[in-house]
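Colleague:
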Amino acid sequence: MRPGIKIITAALLAAAMAGVGIADEEAAKEGLKKHEVGSQKLAGEQDELSADVQDLIEEQTAEDVIGLLEEVEEIMAEVTTSLDTFDTGGPTIAAETEIIEKIFEAARKRSQQSGGT
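The sequence shown lines up with residues 5 to 121 when you count with our numbering.
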């Protein structure tokens, strides 16, 4: 291959690779934007659910149920903060799991106190 053709081939290859990089970068930016919008939406929903938990706390008379729901409310506030900063990683998922477990435990205790099984 002649030196001039090598240079042209290298330039075309570099241009093609740069085009791929730009397309990948644009896709990454779009994906990040969708992630941010979704995270913000979840943060708003989490905040609304936290208000519901506050209402539940006010309705309860059993100290153990109140304690669990107060823990839930505290964890929900932490998760809302995480989601507001677009943190949807492992610790945030673990906190959401802990919320579910504590709500389940509070419901179970409440059911037992009401004479349920």
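No residue lacks a Cβ here, since even glycine has one placed at the ideal position from N, Cα and C.
1) Roughly how far, in whole angstroms, is the beta-carbon of Q50 from the beta-carbon of L73, given that I think they are within contact range, below 8 Å?
2) Looking at the structure shown, is Q58 part of a helix, part of a strand, or coil, going by DSSP?
3) Can the beta-carbon of E75 be found less than 8 Å from the beta-carbon of K106?
4) So what's D91 in DSSP terms, helix, strand or just coil?
5) Alpha carbon to alpha carbon, how far is H39 from K33? Give it in angstroms, no decimals.
6) With distance defined between alpha-carbon atoms, name the residue in V69, E29 and S43 nearest to Q117.
Modeller: Let me lay it out:
1) Contact doesn't hold; Cβ gap of about 15 Å is too wide.
2) Helix, per DSSP.
3) yes
4) coil
5) 10 Å
6) V69
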